[in-house]
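>
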Amino acid sequence: MIECFWVKNFGLQCPGCGSQRSFSLLLNGDIISSIIMFPALIPTIIMFCFLFAHLFFRFKNGQFVILNLLKLNVILIFLNYTIRILY
Numbered sequence: 021m022i023e024c025f026w027v028k029n030f031g032l033q034c035p036g037c038g039s040q041r042s043f044s045l046l047l048n049g050d051i052i053s054s055i056i057m058f059p060a061l062i063p064t065i066i067m068f069c070f071l072f073a074h075l076f077f078r079f080k081n082g083q084f085v086i087l088n089l090l091k092l093n094v095i096l097i098f099l100n101y102t103i104r105i106l107y
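Per our numbering, the very first residue in the sequence shown carries number 21; after that it's consecutive.
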């Protein structure tokens with residue numbers, strides 16, 4: 021796995037820490053562990069899939085869905101980061 025620049029240089033976890041391990045767990049079929057490791061991974065994948073589909077098919081309320089998925093991802097990343105820093 022790629023070494024985290026933030027952890028290597030500053031000794032603190034970054035907001036994206038755990039995403040590589042979570043993706044690896046997801047590829048191995050361990051969905052629950054993947055969600056526990058980095059809760060924003062699956063919504064992020066869904067968001068990017070919907071974004072690319074929206075580019076081709078121009079869904080009626082596509083921008084609304086993408087914006088709400090983005091908000092959800094930001095909230096999940098922030099909460100995950102806060103919990104990791106505090107505990």
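Every residue, glycine too, gets a C-beta built ideally from N, C-alpha and C.
Every value quoted in this text rests on a predicted model; they were computed, and no experiment measured them.
Is the separation between the beta-carbon of M67 and that of L89 shorter than 7 Å?
Yes. Within cutoff.
> My assumption, with CB atoms under 8 Å, is that P59 sits in contact with N100. Please give the rounded CB distance.
Their Cβ separation, rounded to whole angstroms, is 5 Å, which keeps P59 and N100 in contact under 8 Å.
> Express the C-alpha separation of R104 and F98 in angstroms, rounding to a whole number.
Each residue's Cα considered, the two are about 10 Å apart.
> Pull up the distance between the alpha-carbon of H74 and that of V94, whole angstroms please.
Answer to the nearest angstrom: the Cα atoms are 20 Å apart.
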